[in-house]
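From first to last, the protein sequence lines are chains L and B.
Using our numbering, you'd call the opening residue of the first sequence number 3 and step up by one each time.
Using our numbering, you'd call the opening residue of the second sequence number 8 and step up by one each time.
Virtual Cβ for every residue (Gly too), placed ideally from N, Cα, C.
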Amino acid sequence: MISFNQVRKSYRGGHEALCELSFTIESGEMVFITGRSGAGKSTLLKLIPAIERPTSGTVLVSGQNIGSMRAAAVPFLRRNLGLIFQDQKLLNDRSVFDNVMLPLAFTGHAHKDAARRARAALDKVGLLDREKANPITLSGGEQQRLCIARAVVNRPSILLADEPTANLDSSSAAEVVDMFRSFNQVGVTVLIATHDEGMVQRLNPRVLKLKEGRLEP
Amino acid sequence: MSTWLRQHWQTFGLTLARLARNPVATLLNVIVIGVALALPLGGYMLLQNLGSVAQQLTGNPQISLFLARDADKADIAALEARLKQMAGVRTLRFISREQALEGLKRSENLSDVVSALQTNPLPDAFVIESAGGAAELEQLEAQLRALPKIAHVQLDSAWVKRLDSLLELGRMAVLILATLLACGLVAVTFNTIRLQILTQKDEIEVSKLIGATDSFIRRPFFHLGFIQGGLGGLAALAIVYLCMLILNRSILELARLYGSDFRLSFFGLSDCLALLGFAALLGWLGAYMSVSRHLSGIEPR
């Protein structure tokens with residue numbers, strides 16, 4: 003499903019974020035990427051939706067080579083991915099419901115169909131009764147769940163989350179992790195970057211440990 | 008195809024809603040565009056009206072053909088036959104010297120003078136109405152001069168030419184004004200769209216991240232430019248129409264003094280639609296330039 007082969011990513015100025023990175027994630031797996039801040043977790047996650055391109059090596063996502071992908075093909079790659087960002091990127095000029103509708107606006111769903119899907123996604127994360135609220139009025143945990151609803155509304159086969167439990171209290175964090183687990187149980191490949199050691203220990207999943215851009219054995 | 012249409016329709020509705028959410032800003036933009044377009048549009052309307060008046064005045068330019076004193080009846084008949092066959096002669100009227108004198112006698116100021124005359128000093132004459140424009144008229148005049156038994160050819164086209172060239176000058180001025188203000192319209196739209204892109208920076212960034220194509224992201228801005236241009240065109244038509252109504256009050260008064268019922272008339276439907284289309288197209292162009300310039304700068308990191 004996702005395969006990195008000898009991937010190197012260096013930014014302008016010579017900072018090397020990832021170095022000789024090779025691993026494969028099978029379809030339906032749930033994998034945690036851990037490591038300290040600056041270890042390259044976010045960069046790794048950004049390579050998969052082609053937000054960043056590898057400097058060398060190959061990144062394959064569902065058989066597509068990210069390094070050589072045309073810019074025009076990138077949106078269609080991203081529609082098959084559910085992205086949860088570290089800074090959330092919720093739009094505060096519209097309601098919770100309209101935030102979830104956003105990914106459906108450009109996939110050609112009829113409004114009725116899209117609304118039904120959006121409500122189903124909100125229901126899954128327990129925010130159906132807040133659909134008219136403005137995201138800014140939600141609690142931290144609710145905002146994170148809204149991000150998840152937006153990420154899954156297109157029914158992606160891969161879910162990518164960058165620090166989804168940062169800034170959450172332990173019970174909210176546990177809720178969020180449980181959601182990821184339930185998506186994984188229905189066959190979604192889940193990739194979570196975190197430095198929350200407690201969460202990793204509790205779940206005992208497969209872990210890719212990064213240190214200074216390399217995988218630690 | 009139906010998806011494409013539906014997306015356009017949805018975008019159109021969303022764009023209208025967005026404009027309605029900021030009524031003051033929208034109104035100001037529309038007024039700026041409307042005033043800019045109203046200037047050349049008003050000038051064009053005045054020219055059109057003046058042009059049609061000039062057409063009425065000079066619609067049947069006349070040439071007076073005065074015959075030599077020694078022309079006899081046979082000469083006149085021969086001349087008449089030749090004139091009738093000439094191209095450019097639409098109507099032909101013969102005024103004999105007796106008729107001309109009668110005419111003079113009937114005019115109040117001159118009757119005394121005329122009756123004091125011993126002999127009739129007036130020549131026979133033909134009055135020709137020509138169908139052609141100024142250039143053909145001159146050509147006809149040259150032909151007429153070459154005819155035998157002609158004493159004088161009188162052509163009243165100098166002032167027609169002057170009016171024509173004056174109108175031409177006006178048209179050129181309006182064209183230049185229109186071009187400049189069309190550039191202004193494009194610039195206004197360019198800037199509006201730039202600001203709109205900046206306000207929607209977050210939305211654009213998120214949309215790109217979750218799989219919106221570039222054409223989807225551009226679309227609402229094209230719609231915005233198009234709608235704003237069209238509304239500006241509508242405002243321009245309204246402004247010119249109002250001005251016309253106000254001017255017509257005074258013009259009607261003035262025209263009545265001259266025994267005329269002249270008044271300014273407005274554009275026809277097709278002209279109005281053409282203007283709206285043109286304004287909308289300019290708005291679209293401004294949006295296109297702005298989007299090409301500013302949207303590529305927003306790339307999520």
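How many angstroms separate the CA atom of residue i from the CA atom of residue j?
i: B/Gln14; j: B/Ala262; result: 55 Å
i: L/Leu23; j: B/Glu212; result: 28 Å
i: L/Ser173; j: L/Asn156; result: 27 Å
i: L/Ser64; j: L/Lys213; result: 26 Å
i: L/Ile150; j: B/Phe274; result: 57 Å
i: B/Cys250; j: B/Gly240; result: 15 Å
i: L/Gly110; j: B/Leu176; result: 54 Å
i: B/Leu238; j: B/Ala185; result: 17 Å
i: B/Leu170; j: B/Ala61; result: 8 Å
i: L/Leu148; j: L/Ser58; result: 35 Å
i: B/Phe285; j: L/Arg119; result: 41 Å
i: B/Phe233; j: B/Gly290; result: 5 Å
i: B/Ile224; j: L/Asn101; result: 16 Å
i: B/Ile204; j: B/Arg256; result: 46 Å
i: L/Val190; j: L/Val179; result: 14 Å
i: L/Met221; j: L/Leu46; result: Because chain L in this structure spans residues 3 to 219, residue 221 of chain L falls outside the shown range and cannot be described.
i: B/Asp268; j: B/Glu260; result: 9 Å
i: B/Thr196; j: B/Pro307; result: 26 Å
i: L/Gly16; j: B/Ala32; result: 46 Å
i: B/Leu174; j: B/Leu54; result: 7 Å
i: B/Ser71; j: B/Lys112; result: 20 Å
i: L/Ile35; j: B/Gly236; result: 52 Å
i: B/Leu254; j: B/Tyr51; result: 15 Å
i: L/Asp198; j: L/Ser12; result: 26 Å
i: L/Arg208; j: B/Arg25; result: 47 Å
Mind pulling the chain B residues with CB within less than 7 Å of residue i?
i: L/Arg81; result: Gly218
Between the options, which has its C-alpha nearest residue i's C-alpha?
i: L/Ala123; options: L/Gly110, L/Ser172, L/Leu104, L/Phe108; result: L/Leu104
i: L/Ser5; options: L/Arg38, L/Ile50, L/Leu83; result: L/Ile50
i: B/Leu21; options: L/Thr26, L/Ile53, L/His113; result: L/His113
i: B/Leu144; options: B/Ala158, B/Arg97, B/Glu210, B/Ala107; result: B/Arg97
i: L/Phe108; options: B/Val247, B/Arg226, B/Ser299, B/Lys80; result: B/Arg226
i: B/Ala81; options: B/Pro155, B/Ala142, B/Thr18; result: B/Pro155
i: L/Ala74; options: B/Ala294, B/Gly218, B/Ser267, B/Ser299; result: B/Gly218
i: B/Glu210; options: B/Val181, B/Ile305, B/Ser114, B/Val42; result: B/Ile305
i: B/Asn56; options: B/Ala84, B/Ala294, B/Leu271; result: B/Leu271
i: B/Leu90; options: B/Asn29, B/Ser303, B/Ile135, B/Leu244; result: B/Ile135
i: B/Ser122; options: B/Leu280, B/Gln150, B/Glu109; result: B/Glu109
Assign residue i to buried or exposed, taking buried as 16 or more other Cβ atoms, counted over all protein chains shown, within 10 Å of its Cβ.
i: L/Leu161; result: buried
i: L/Asn206; result: exposed
i: L/Lys48; result: buried
i: L/Leu92; result: buried
i: B/Gln92; result: exposed
i: L/Phe185; result: buried
i: B/His230; result: buried
i: B/Ser222; result: exposed
i: L/Pro166; result: buried
i: L/Val98; result: buried
i: B/Ser172; result: exposed
i: B/Ser59; result: exposed
i: B/Asn36; result: buried
i: B/Leu202; result: exposed
i: B/Val298; result: buried
i: B/Lys208; result: exposed
i: B/Arg152; result: exposed
i: B/Met179; result: exposed
i: B/His301; result: buried
i: L/Arg152; result: buried
i: B/Leu264; result: exposed
i: L/Ser39; result: exposed
i: B/Leu188; result: buried
i: L/Arg80; result: buried
i: L/Asp131; result: exposed
For residue i, which residues in chain L fall below 7 Å Cβ to Cβ?
i: B/Pro307; result: Ile53
For residue i and chain D, any beta-carbon pair shorter than 9 Å?
i: B/Gln14; result: Of the protein chains in the structure, L and B, none is chain D.
Interface residues of chain L around residue i at Cβ under 8 Å?
i: B/Ser172; result: Correct list: empty, because the minimum Cβ distance to chain L is about 56 Å.
i: B/Thr10; result: Gly110
i: B/Phe233; result: Those within 8 Å of B/Phe233 in chain L number zero; the least Cβ separation is about 19 Å.
For residue i, go through chain B and note every residue whose CB falls closer than 8 Å to its CB, in chain order.
i: L/Lys91; result: Asp209, Glu212, Val213, Leu216
i: L/Leu85; result: Leu216, Ile217
What residues of chain B sit near residue i, judged by a beta carbon separation below 9 Å?
i: L/Leu104; result: Glu210, Val213, Ser214, Ile217, Ala219
i: L/Phe78; result: Gly218, Thr220
Run through chain L and tell me which residues come within less than 9 Å of residue i, C-beta to C-beta.
i: B/Phe223; result: Pro77, Ala107, Phe108
Complete alpha helix (DSSP H) runs within the stretch 79–124 of chain B (minimum length 4 residues, chain order): Listed in chain order, they are 80–92, 104–113, 118–122.
Jot down the residue ranges of each uninterrupted beta strand (DSSP E) in the stretch 141–218 of chain L, minimum 3 residues, whole runs only, in chain order. DSSP runs (the beta strand (DSSP E)) wholly in the stretch 141–218 of chain L: 160–164, 191–195, 208–213, 216–218.
For a minimum of 4 consecutive residues, which ranges assigned as the alpha helix (DSSP H) are wholly contained in the stretch 48–102 of chain L? Along the length of the stretch 48–102 of chain L, whole alpha helix (DSSP H) runs at least 4 residues long occupy 76–80, reported in chain order.
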